[in-house]
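Protein chains in written order, with the working numbering: chain C, 1 to 212; chain Z, 213 to 574.
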């Protein structure tokens with residue numbers, strides 16, 4: 001039974017491309033700072049689907065997200081001579097896009113969204129149930145999916161960044177623009193909610209969220 | 213090597229390769245299947261780790277390669293072609309900067325855009341060039357702009373088409389060869405495949421399995437040059453009388469930093485070096501080009517290894533020539549000129565090698 005489930009992993013879930021290696025991204029960043037537009041274009045291309053996915057969490061209008069990504073890279077190009085080193089390019093891009101989108105949205109809705117304010121973050125966790133044979137496992141996953149859906153949006157954002165965008169703890173703090181302590185508190189809250197509903201693997205979850 | 217046999221479920225969740233495997237991306241599938249067979253005692257841990265990763269799944273947004281490509285192209289157009297009204301600060305376009313002209317071949321390689329031009333090239337909305345269907349089902353891309361045009365062929369190979377150049381190619385490669393027809397200049401970054409990749413430029417054929425190289429075949433030049441950035445390339449000219457059959461009248465094999473020139477008038481194919489050789493193995497320069505009373509052969513050996521170019525010289529007569537100098541980012545030719553100046557030697561490039569000739573030092 002167990003083996004069956006494992007063999008099933010051979011079936012690819014989504015045809016996703018692996019993310020570029022950090023060293024590669026850093027090299028492109030250096031070349032971009034040196035004034036090479038092609039490197040910036042390549043950074044845009046390599047990060048586009050992640051940025052787009054992230055942007056749509058804040059704003060369901062696809063064209064507006066695209067425009068914001070376009071503007072983000074145009075403004076990056078304008079400052080290529082003065083911009084400094086960035087420790088993690090992807091986290092930096094995600095953070096910048098979020099800032100831009102929220103600013104854009106607050107202009108439209110005549111409402112000022114502060115970061116850490118109650119902005120919308122729309123993410124739907126849908127457990128990957130394909131090829132899972134064990135009914136109890138399906139039940140567990142369904143239940144966890146439901147609990148995750150009930151979490152407050154900031155907590156969802158945190159889990160999304162950890163599991164969808166594969167960011168490390170430090171990168172999440174940078175992207176969400178909150179300090180380590182606030183992030184830790186947020187994580188504790190999420191875990192407390194989950195603990196009530198999902199016993200199995202909870203310590204696992206704790207460590208998975210905490211350590212990279 | 214990671215000690216996966218000592219991993220628990222937590223360690224597996226944290227492991228990038230494992231997460232990628234569960235999500236069906238990444239190329240370590242064979243490894244993990246094998247690992248499972250070898251370590252049945254790890255199945256429970258692996259199962260738990262898998263469940264957790266599955267639970268946090270978020271569906272991807274539908275976003276086609278084409279959409280991404282259009283956005284990136286639009287962006288690149290905006291920044292490389294400033295609008296006419298924008299005359300307040302006359303900025304030099306990037307490829308006019310000396311450093312780029314100087315290291316053109318190198319820049320070409322850095323500029324490879326990877327896969328974003330995507331496989332379905334023929335569906336591409338022509339934004340910078342134009343594509344016409346060709347009689348015998350060949351697609352043709354013409355770059356009439358003053359900038360470079362990137363395209364990706366169906367096999368994943370990328371082509372950087374220079375201004376006023378055209379490339380004909382099959383939208384889908386079938387048969388024994390991957391064959392393209394070039395007029396003008398292009399840098400190719402060829403994906404390794406069983407089928408050889410052929411660049412046809414009239415009388416000259418360039419054949420590769422997977423590598424990075426530039427072919428220049430402007431009609432006005434009356435010569436064809438092939439410059440190799442990495443890998444191995446064979447170049448041969450074709451007998452005019454039997455163009456259909458690939459009769460090799462003369463061929464050369466090029467490795468990185470080597471180039472071939474075909475003079476149309478003389479029908480001569482000769483081997484030389486690229487205009488701007490690049491350092492292939494920086495680790496060969498152990499002393500960072502700082503020489504203090506170093507024997508000339510030692511310096512030349514270092515350059516040979518760093519650039520992957522063969523040097524010919526007489527060890528005995530040069531060993532008394534001592535070099536005290538600090539070199540840096542000069543081109544290879546500038547370095548050689550400097551060494552010649554110090555030692556009264558001369559060098560020439562013959563058949564893709566550097567022949568260093570000196571009377572010797574006392």
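Ideal placement from N, C-alpha and C gives every residue a C-beta, glycine not left out.
Proximity winner among the options, relative to residue i (alpha-carbon distances)
i	options	result
residue 266 of chain Z	Z:561, Z:236, Z:286	Z:236
residue 42 of chain C	C:57, C:20, C:86	C:20
residue 465 of chain Z	Z:500, Z:443, Z:476	Z:443
residue 101 of chain C	C:47, C:154, C:77, C:119	C:119
residue 154 of chain C	C:176, C:24, C:126	C:176
residue 394 of chain Z	Z:548, Z:530, Z:374, Z:404	Z:374
residue 379 of chain Z	Z:367, Z:355, Z:273, Z:369	Z:355
residue 570 of chain Z	Z:278, Z:376, Z:508	Z:508
residue 557 of chain Z	Z:526, Z:538, Z:470, Z:397	Z:526
residue 426 of chain Z	Z:258, Z:538, Z:522, Z:438	Z:438
residue 423 of chain Z	Z:397, Z:383, Z:467	Z:467
residue 221 of chain Z	Z:260, Z:231, Z:230	Z:260
residue 58 of chain C	C:74, C:191, C:105	C:105
residue 497 of chain Z	Z:522, Z:512, Z:396	Z:512
residue 213 of chain C	Z:390, Z:263, Z:551	Summary: the structure shown does not reach residue 213 of chain C, with chain C confined to residues 1 through 212, and so no result is reported for it.
residue 231 of chain Z	Z:376, Z:396, Z:269, Z:282	Z:269
residue 535 of chain Z	Z:248, Z:252, Z:548, Z:407	Z:548
residue 529 of chain Z	Z:510, Z:520, Z:516	Z:510
residue 37 of chain C	C:56, C:80, C:54	C:80
residue 277 of chain Z	C:147, C:26, C:48, C:180	C:48
Backbone secondary structure at residue i - three-state DSSP
i	result
residue 472 of chain Z	strand
residue 83 of chain C	coil
residue 557 of chain Z	coil
residue 35 of chain C	coil
residue 257 of chain Z	helix
residue 184 of chain C	helix
residue 166 of chain Z	Summary: the structure shown does not reach residue 166 of chain Z, with chain Z confined to residues 213 through 574, and so no result is reported for it.
residue 159 of chain C	helix
residue 275 of chain Z	coil
residue 382 of chain Z	coil
residue 189 of chain C	helix
residue 362 of chain Z	strand
residue 140 of chain C	helix
residue 151 of chain C	coil
Residues that residue i bridges to, as DSSP identifies them
i	result
residue 463 of chain Z	Z:448
residue 176 of chain C	Beta-bridge pairing links residue 176 of chain C to no other residue.
residue 569 of chain Z	Z:558
residue 429 of chain Z	Z:396
residue 45 of chain C	According to DSSP, which records beta bridges pairwise, residue 45 of chain C is partnered with nothing at all.
Pairwise C-alpha distance: residue j and residue i
i	j	result
residue 182 of chain C	residue 250 of chain Z	43 Å
residue 86 of chain C	residue 489 of chain Z	31 Å
residue 314 of chain Z	residue 543 of chain Z	No answer about residue 314 of chain Z holds up, because its pLDDT of 38 lies below 50 and its placement is not dependable.
residue 218 of chain Z	residue 160 of chain C	29 Å
residue 560 of chain Z	residue 567 of chain Z	5 Å
residue 51 of chain C	residue 31 of chain C	21 Å
residue 554 of chain Z	residue 411 of chain Z	43 Å
residue 413 of chain Z	residue 472 of chain Z	13 Å
residue 565 of chain Z	residue 22 of chain C	37 Å
residue 432 of chain Z	residue 440 of chain Z	22 Å
residue 62 of chain C	residue 215 of chain Z	44 Å
residue 24 of chain C	residue 82 of chain C	21 Å
residue 91 of chain C	residue 137 of chain C	33 Å
residue 463 of chain Z	residue 419 of chain Z	10 Å
residue 279 of chain Z	residue 285 of chain Z	10 Å
residue 365 of chain Z	residue 434 of chain Z	28 Å
residue 244 of chain Z	residue 233 of chain Z	8 Å
residue 449 of chain Z	residue 545 of chain Z	29 Å
residue 64 of chain C	residue 46 of chain C	20 Å
residue 28 of chain C	residue 485 of chain Z	28 Å
residue 477 of chain Z	residue 429 of chain Z	14 Å
residue 186 of chain C	residue 257 of chain Z	27 Å
residue 240 of chain Z	residue 166 of chain C	18 Å
Proximity test, residue i beta-carbon vs the ligand ADP heavy atom, cut-off 7 Å
i	result
residue 93 of chain C	The model on display carries no ligand, and the ligand ADP is accordingly not part of it.
Chain A residues whose Cβ lies nearer than 8 Å to that of residue i
i	result
residue 124 of chain C	No chain A appears in the structure shown, which is made up of the protein chains C and Z.
* To do: Using a Cβ-Cβ cut-off of less than 7 Å, list which residues of the region 71-105 of chain C approach chain Z; keep chain order.
  => 73, 74, 77
* What residues in the region 269-297 of chain Z bring their beta carbon closer than 9 Å to a beta carbon of chain C? -> 269, 270, 271, 272, 273, 275, 279, 280, 281, 283, 284, 285, 286, 287, 288, 290, 291, 292
* To do: Name, going along the chain, the residues of the region 22-50 of chain C whose beta-carbon falls closer than 8 Å to a beta-carbon of chain Z.
  => 31, 35, 36, 37, 38, 39, 40, 41, 42, 44, 45, 46, 48, 49
* Name, going along the chain, the residues of the region 147-161 of chain C whose beta-carbon falls closer than 7 Å to a beta-carbon of chain Z. => 159, 160
* **Selection of the region 423-446 of chain Z by Cβ proximity to chain C, strictly under 7 Å** => none
* Against chain Z: residues of the region 51-64 of chain C by CB proximity under 7 Å -> 52, 53, 56
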